[in-house]
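Student: Before I ask anything, let me first share the structure, which is written out below as C-alpha coordinates.
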Amino acid sequence: RSMDTWKIRSAITSLTPRVVLKNLHRLREVARSCNEFQARMVQAHPSRFGSFALLPLPDVDGALEELSYALDVLHLDGVGLFSSVNDRYLGDPWFDPVFDELNRRKAVIFIHPTHCEAPEHTRLQAPPFVVEYVFDTTRAVVNLVFTGTLKRCPDIRFIVAHGGGTVPFLAQRISMLEGHRHAKDVTDVVPTLRALYYEIASTTAGYALRSLQELVHPTHILWGSDLPFVYGERLQEEVDHWEAYNGFDATGRSAVEQQNALRLFPRFNQTADAASRP
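Just so you know, we're using our numbering here: the sequence shown kicks off at 141 and counts up by one.
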(Lines of atoms letter the chains of each structure in order from A and count residues from 1; the text may use other names and numbers.)
(Lines give C-alpha, C1' and ligand atoms only; values in the text may rest on other atoms or scores of the structure.)
Protein backbone atom coordinates (compact mmCIF):
# COMPACT_ATOMS: atom_id res chain seq x y z
CA ARG A 1 0.00 0.00 0.00
CA SER A 2 2.83 2.39 0.80
CA MET A 3 4.36 1.79 -2.62
CA ASP A 4 1.04 2.54 -4.28
CA THR A 5 0.68 5.70 -2.20
CA TRP A 6 4.08 6.94 -3.37
CA LYS A 7 3.51 5.73 -6.94
CA ILE A 8 6.42 3.31 -6.77
CA ARG A 9 6.06 0.46 -9.24
CA SER A 10 9.14 -1.53 -8.15
CA ALA A 11 11.56 -1.41 -5.23
CA ILE A 12 14.81 -3.12 -4.30
CA THR A 13 14.90 -4.01 -0.61
CA SER A 14 17.87 -4.51 1.67
CA LEU A 15 18.31 -5.34 5.34
CA THR A 16 19.47 -2.84 7.96
CA PRO A 17 20.87 -2.90 10.55
CA ARG A 18 23.33 -5.65 9.84
CA VAL A 19 23.26 -9.03 11.55
CA VAL A 20 25.66 -8.80 14.52
CA LEU A 21 26.30 -12.16 16.17
CA LYS A 22 29.49 -13.58 17.62
CA ASN A 23 28.43 -17.18 16.98
CA LEU A 24 29.39 -17.73 13.33
CA HIS A 25 27.07 -20.70 12.91
CA ARG A 26 24.14 -18.65 14.14
CA LEU A 27 25.27 -15.72 11.97
CA ARG A 28 25.10 -17.94 8.89
CA GLU A 29 21.68 -19.24 9.91
CA VAL A 30 20.23 -15.76 10.34
CA ALA A 31 21.65 -14.52 7.03
CA ARG A 32 20.19 -17.57 5.26
CA SER A 33 16.80 -17.06 6.90
CA CYS A 34 16.73 -13.37 5.95
CA ASN A 35 17.67 -14.09 2.35
CA GLU A 36 15.08 -16.83 1.99
CA PHE A 37 12.44 -14.47 3.39
CA GLN A 38 13.43 -11.85 0.81
CA ALA A 39 13.35 -14.45 -1.95
CA ARG A 40 9.82 -15.52 -1.00
CA MET A 41 8.71 -11.90 -1.12
CA VAL A 42 10.24 -11.44 -4.57
CA GLN A 43 8.72 -14.69 -5.84
CA ALA A 44 5.29 -13.61 -4.59
CA HIS A 45 5.55 -10.16 -6.20
CA PRO A 46 8.25 -10.35 -8.90
CA SER A 47 7.21 -7.13 -10.63
CA ARG A 48 7.14 -5.14 -7.39
CA PHE A 49 10.20 -6.30 -5.49
CA GLY A 50 13.85 -7.12 -5.86
CA SER A 51 16.27 -7.72 -3.00
CA PHE A 52 19.92 -7.41 -2.07
CA ALA A 53 21.36 -10.44 -0.29
CA LEU A 54 22.69 -10.24 3.25
CA LEU A 55 26.12 -11.83 3.79
CA PRO A 56 27.28 -13.15 7.19
CA LEU A 57 30.43 -11.03 7.34
CA PRO A 58 33.01 -10.96 8.88
CA ASP A 59 32.80 -14.72 8.24
CA VAL A 60 34.40 -14.72 4.78
CA ASP A 61 33.90 -18.44 4.11
CA GLY A 62 30.28 -18.18 5.17
CA ALA A 63 29.84 -15.06 3.06
CA LEU A 64 31.16 -16.79 -0.06
CA GLU A 65 28.85 -19.75 0.53
CA GLU A 66 25.84 -17.49 1.09
CA LEU A 67 26.73 -15.36 -1.92
CA SER A 68 26.59 -18.41 -4.16
CA TYR A 69 23.29 -19.55 -2.66
CA ALA A 70 21.68 -16.11 -2.81
CA LEU A 71 22.60 -15.39 -6.42
CA ASP A 72 22.55 -18.88 -7.98
CA VAL A 73 19.66 -20.51 -6.10
CA LEU A 74 17.52 -17.66 -4.77
CA HIS A 75 18.30 -15.41 -7.75
CA LEU A 76 18.42 -12.23 -5.68
CA ASP A 77 19.31 -9.06 -7.54
CA GLY A 78 22.58 -8.17 -5.86
CA VAL A 79 24.30 -7.91 -2.50
CA GLY A 80 23.97 -5.42 0.33
CA LEU A 81 27.17 -4.56 2.20
CA PHE A 82 27.68 -2.33 5.18
CA SER A 83 30.31 0.38 5.32
CA SER A 84 32.16 -1.43 8.10
CA VAL A 85 32.01 -4.72 9.98
CA ASN A 86 33.65 -5.11 13.39
CA ASP A 87 35.82 -2.03 12.81
CA ARG A 88 36.99 -3.29 9.40
CA TYR A 89 35.96 -0.99 6.57
CA LEU A 90 35.16 -2.18 3.08
CA GLY A 91 38.45 -2.39 1.23
CA ASP A 92 40.18 -4.10 4.14
CA PRO A 93 42.22 -7.05 2.80
CA TRP A 94 40.12 -9.36 5.01
CA PHE A 95 37.25 -8.91 2.54
CA ASP A 96 39.32 -9.37 -0.65
CA PRO A 97 38.00 -12.90 -1.43
CA VAL A 98 34.43 -11.60 -1.29
CA PHE A 99 35.14 -8.64 -3.55
CA ASP A 100 37.05 -10.84 -5.99
CA GLU A 101 34.04 -13.15 -6.28
CA LEU A 102 31.63 -10.22 -6.64
CA ASN A 103 33.85 -8.87 -9.40
CA ARG A 104 33.93 -12.25 -11.16
CA ARG A 105 30.14 -12.28 -11.11
CA LYS A 106 29.84 -8.65 -12.25
CA ALA A 107 27.49 -8.21 -9.31
CA VAL A 108 25.55 -5.15 -8.21
CA ILE A 109 26.31 -4.24 -4.60
CA PHE A 110 24.65 -1.64 -2.41
CA ILE A 111 26.79 0.06 0.25
CA HIS A 112 24.82 1.34 3.24
CA PRO A 113 26.30 2.93 6.37
CA THR A 114 26.14 1.30 9.74
CA HIS A 115 26.51 2.30 13.37
CA CYS A 116 29.70 4.20 14.10
CA GLU A 117 31.18 4.42 17.59
CA ALA A 118 32.45 7.99 17.13
CA PRO A 119 29.64 9.65 19.12
CA GLU A 120 30.42 7.45 22.14
CA HIS A 121 34.14 8.22 21.92
CA THR A 122 33.70 11.97 21.44
CA ARG A 123 30.61 12.46 23.61
CA LEU A 124 28.76 14.13 20.77
CA GLN A 125 25.17 14.84 21.71
CA ALA A 126 23.52 14.71 18.27
CA PRO A 127 22.17 11.30 17.23
CA PRO A 128 24.51 9.45 14.84
CA PHE A 129 22.11 9.41 11.89
CA VAL A 130 22.60 13.17 11.47
CA VAL A 131 26.24 13.03 10.35
CA GLU A 132 27.99 9.85 11.51
CA TYR A 133 26.26 7.51 9.08
CA VAL A 134 27.15 9.58 6.02
CA PHE A 135 30.69 9.96 7.35
CA ASP A 136 30.91 6.18 7.68
CA THR A 137 29.88 5.82 4.03
CA THR A 138 32.62 8.27 3.09
CA ARG A 139 35.21 6.32 5.08
CA ALA A 140 34.24 3.13 3.28
CA VAL A 141 34.50 4.68 -0.18
CA VAL A 142 37.84 6.30 0.64
CA ASN A 143 39.17 2.97 1.93
CA LEU A 144 38.00 1.21 -1.25
CA VAL A 145 39.96 3.81 -3.22
CA PHE A 146 43.05 3.77 -0.98
CA THR A 147 43.42 -0.02 -0.96
CA GLY A 148 43.00 -0.27 -4.72
CA THR A 149 39.82 -2.35 -4.39
CA LEU A 150 37.83 -0.22 -6.82
CA LYS A 151 40.59 -0.48 -9.44
CA ARG A 152 41.01 -4.22 -8.84
CA CYS A 153 37.28 -4.89 -9.15
CA PRO A 154 36.12 -2.84 -12.14
CA ASP A 155 33.22 -5.16 -12.99
CA ILE A 156 31.33 -4.65 -9.73
CA ARG A 157 28.47 -2.15 -10.07
CA PHE A 158 28.66 -0.20 -6.81
CA ILE A 159 25.64 1.74 -5.54
CA VAL A 160 26.47 4.08 -2.65
CA ALA A 161 23.71 5.21 -0.29
CA HIS A 162 22.67 8.78 0.55
CA GLY A 163 24.34 10.48 -2.37
CA GLY A 164 27.70 9.00 -1.44
CA GLY A 165 27.82 10.61 1.99
CA THR A 166 30.31 13.47 1.73
CA VAL A 167 32.20 11.93 -1.21
CA PRO A 168 31.01 14.49 -3.82
CA PHE A 169 32.10 17.41 -1.61
CA LEU A 170 35.45 15.76 -0.78
CA ALA A 171 36.27 14.31 -4.22
CA GLN A 172 39.11 16.77 -4.79
CA ARG A 173 40.67 15.94 -1.44
CA ILE A 174 40.23 12.22 -2.03
CA SER A 175 42.10 12.61 -5.32
CA MET A 176 45.13 13.70 -3.27
CA LEU A 177 45.63 10.00 -2.56
CA GLU A 178 47.04 9.63 -6.07
CA GLY A 179 50.71 8.81 -5.71
CA HIS A 180 50.53 8.46 -1.94
CA ARG A 181 53.39 6.18 -0.89
CA HIS A 182 51.12 3.86 1.11
CA ALA A 183 48.26 3.71 -1.39
CA LYS A 184 47.83 0.74 -3.72
CA ASP A 185 47.57 1.62 -7.40
CA VAL A 186 45.62 4.81 -6.69
CA THR A 187 45.24 6.68 -9.97
CA ASP A 188 42.40 8.50 -11.71
CA VAL A 189 40.49 8.93 -8.46
CA VAL A 190 37.81 11.29 -9.74
CA PRO A 191 37.00 9.11 -12.80
CA THR A 192 36.86 6.12 -10.45
CA LEU A 193 34.37 7.91 -8.20
CA ARG A 194 32.35 8.91 -11.24
CA ALA A 195 32.01 5.24 -12.20
CA LEU A 196 30.07 4.50 -9.01
CA TYR A 197 26.30 4.83 -8.73
CA TYR A 198 24.78 7.07 -6.08
CA GLU A 199 21.26 6.76 -4.71
CA ILE A 200 19.70 9.90 -3.27
CA ALA A 201 17.72 8.83 -0.21
CA SER A 202 17.68 11.81 2.19
CA THR A 203 19.74 13.72 -0.37
CA THR A 204 17.11 15.46 -2.49
CA ALA A 205 17.63 19.07 -1.42
CA GLY A 206 19.03 21.27 -4.18
CA TYR A 207 22.36 22.00 -2.49
CA ALA A 208 23.02 18.27 -2.06
CA LEU A 209 21.97 17.36 -5.61
CA ARG A 210 24.07 20.13 -7.14
CA SER A 211 27.18 18.83 -5.40
CA LEU A 212 26.45 15.31 -6.62
CA GLN A 213 25.83 16.53 -10.17
CA GLU A 214 29.23 18.23 -10.16
CA LEU A 215 30.77 14.79 -9.71
CA VAL A 216 28.60 12.38 -11.70
CA HIS A 217 26.42 12.27 -14.79
CA PRO A 218 22.66 11.78 -14.27
CA THR A 219 23.04 8.24 -15.63
CA HIS A 220 24.77 7.31 -12.35
CA ILE A 221 22.17 8.71 -9.95
CA LEU A 222 19.32 6.59 -8.57
CA TRP A 223 16.15 7.41 -6.70
CA GLY A 224 15.99 6.01 -3.15
CA SER A 225 13.52 6.36 -0.29
CA ASP A 226 15.24 5.11 2.90
CA LEU A 227 12.01 3.49 4.05
CA PRO A 228 11.28 2.63 6.86
CA PHE A 229 13.73 5.08 8.47
CA VAL A 230 12.20 7.94 6.48
CA TYR A 231 8.43 7.79 6.14
CA GLY A 232 5.27 9.88 6.30
CA GLU A 233 5.76 13.64 6.31
CA ARG A 234 9.54 13.30 6.20
CA LEU A 235 9.36 11.20 3.06
CA GLN A 236 6.90 13.66 1.55
CA GLU A 237 9.47 16.41 2.16
CA GLU A 238 12.05 14.37 0.24
CA VAL A 239 9.64 13.95 -2.67
CA ASP A 240 8.75 17.65 -2.58
CA HIS A 241 12.44 18.62 -2.70
CA TRP A 242 12.93 16.34 -5.68
CA GLU A 243 9.90 17.63 -7.53
CA ALA A 244 10.94 21.25 -6.93
CA TYR A 245 14.54 20.78 -8.08
CA ASN A 246 15.12 22.14 -11.59
CA GLY A 247 18.67 20.89 -12.12
CA PHE A 248 17.64 17.94 -14.33
CA ASP A 249 16.00 18.09 -17.72
CA ALA A 250 13.25 15.59 -18.56
CA THR A 251 15.78 13.01 -19.76
CA GLY A 252 17.88 13.33 -16.61
CA ARG A 253 14.85 13.14 -14.35
CA SER A 254 13.63 10.00 -16.11
CA ALA A 255 17.11 8.50 -15.79
CA VAL A 256 17.17 9.05 -12.03
CA GLU A 257 13.59 7.94 -11.46
CA GLN A 258 13.67 4.73 -13.47
CA GLN A 259 15.95 4.30 -16.49
CA ASN A 260 19.21 3.89 -14.56
CA ALA A 261 17.62 1.27 -12.30
CA LEU A 262 16.25 -0.59 -15.31
CA ARG A 263 19.76 -0.83 -16.77
CA LEU A 264 21.12 -2.23 -13.52
CA PHE A 265 18.16 -4.57 -12.99
CA PRO A 266 16.94 -5.42 -16.50
CA ARG A 267 14.44 -8.04 -15.35
CA PHE A 268 12.12 -5.17 -14.41
CA ASN A 269 12.04 -3.93 -18.01
CA GLN A 270 9.11 -6.18 -18.81
CA THR A 271 6.91 -4.69 -16.10
CA ALA A 272 8.11 -1.11 -15.62
CA ASP A 273 5.65 1.71 -16.15
CA ALA A 274 7.02 4.86 -17.73
CA ALA A 275 5.60 6.90 -14.87
CA SER A 276 6.94 4.77 -12.03
CA ARG A 277 10.03 5.04 -9.86
CA PRO A 278 11.90 1.71 -9.60
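Glycine is no exception: its CB is placed at the ideal position from the N, C-alpha and C atoms.
What does the Cβ neighbour count give for residue 342, buried or exposed, with the cut at 16 atoms within 10 Å?
Tutor: buried
Student: Quick check on the DSSP output: the alpha helix (DSSP H) that includes residue 221 runs from which residue to which?
Tutor: Residue 221 -> not in any alpha helix (DSSP H); beta strand (DSSP E) instead, spanning 218-222.
Student: One question on the structure: do residue 198 and residue 166 come within less than 8 Å of each other, judged by their Cβ atoms?
Tutor: no
Student: Just the C-alpha distance for residue 289 and residue 239, rounded to the nearest angstrom, thanks.
Tutor: Approximately 8 Å, taken between the alpha carbons.
Student: Excluding sequence positions up to five away, which residues of its chain have a Cβ less than 6 Å from the Cβ of residue 179?
Tutor: 214
Student: I'd like the list of long-range same chain contacts for residue 143, defined as Cβ closer than 8 Å, with 5 residues on each side in sequence excluded.
Tutor: 149, 151 and 188
Student: Can you tell me whether DSSP reads residue 309 as helix, strand or coil?
Tutor: helix
Student: Can you find the residues in the same chain that come closer than 7 Å, C-beta to C-beta, to residue 329, ignoring five residues on each side of it along the sequence?
Tutor: 285, 314, 315, 317 and 318.
Student: I need the DSSP call for residue 173, collapsed to helix, strand or coil.
Tutor: Residue state, collapsed to three classes: helix.
Student: Return the bridge partner residues of residue 192 from the DSSP annotation.
Tutor: For residue 192, which the question treats as bridged, DSSP gives the partners 218.
Student: With distance defined between alpha-carbon atoms, name the residue in 195, 310 and 361 nearest to residue 297.
Tutor: Nearest option by C-alpha distance: 361.
Student: Buried or exposed for residue 401, please, with buried defined as at least 16 other CB atoms from any protein chain shown within 10 angstroms of its CB.
Tutor: buried
Student: Taking DSSP as the reference, what is the three-state secondary structure of residue 410?
Tutor: helix
Student: Quick one, are the C-beta atoms of residue 175 and residue 194 less than 8 Å apart?
Tutor: yes
Student: What is the DSSP secondary structure of residue 338, reduced to helix, strand or coil?
Tutor: strand
Student: Quick one: what's got a C-beta closer than 6 Å to residue 287's C-beta in the same chain, skipping five residues either side?
Tutor: 231 and 324
Student: With a cut-off of 8 Å on the beta carbons, I'd call residue 277 and residue 301 a contact; round off their distance for me.
Tutor: Rounded, the Cβ-Cβ distance is 6 Å, consistent with contact.
Student: Using the Cβ count rule (16 or more neighbours within 10 Å means buried), how would you classify residue 305?
Tutor: buried
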